[in-house]
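> Mind looking over this structure? Questions follow.
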Amino acid sequence: MPLEQIIFIYVFGLLGALALLALWNEHRRRGFETLNNDDKVFRCNRCGMVYTDDSDVDRSRCPQCGRTNDPFEY
Ligand SMILES: [Zn+2]
Numbered sequence: 000m001p002l003e004q005i006i007f008i009y010v011f012g013l014l015g016a017l018a019l020l021a022l023w024n025e026h027r028r029r030g031f032e033t034l035n036n037d038d039k040v041f042r043c044n045r046c047g048m049v050y051t052d053d054s055d056v057d058r059s060r061c062p063q064c065g066r067t068n069d070p071f072e073y
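Each residue of the sequence shown is one higher than the last, beginning at 0 in this note's numbering.
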């Protein structure tokens, strides 16, 4: 195998690995942001626990004491 071909494969493989790593990071970052945007913050009226639930729910049950709460307004 000629040296040029070995170098080409090496560089191409390195670039491919870097591209995959960047794509994976982007995917992970986007997923995290989507998760944050979709979540609604709730604060329990009984025990004061702050927790999150899906954005499509109007009311959510506290995971600590079981009380149903309205979304927490900032
Ligand atoms: Zn509670």
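Beta carbons are placed, not taken as given, at the ideal position from N, Cα and C, and that holds for glycine.
Leaving aside the five residues before and after Gln63 along the sequence, list all residues of the same chain whose C-beta is less than 6 Å from its C-beta, in chain order.
Residue numbering aside, residue 63 sits at position 64 when the sequence shown is read from its first letter. Around Gln63: Cys46, Met48.
> Return the CA-CA distance between Asp57 and Asn24, expressed in angstroms with no decimal places.
Walking along the sequence shown from the start, residue 57 turns up at place 58. Walking along the sequence shown from the start, residue 24 turns up at place 25. Their Cα atoms are separated by approximately 33 Å.
> Under 6 Å, CB to any heavy atom of ligand 1. Which residues pass, going along the chain?
Cys43, Arg45, Cys46, Met48, Cys61, Gln63, Cys64, Arg66
> With Asp100 as the anchor, note down where its beta strand (DSSP E) starts and where it stops.
Residue 100 lies beyond the stretch modelled for the chain, which goes from 0 to 73, so this question has no answer here.
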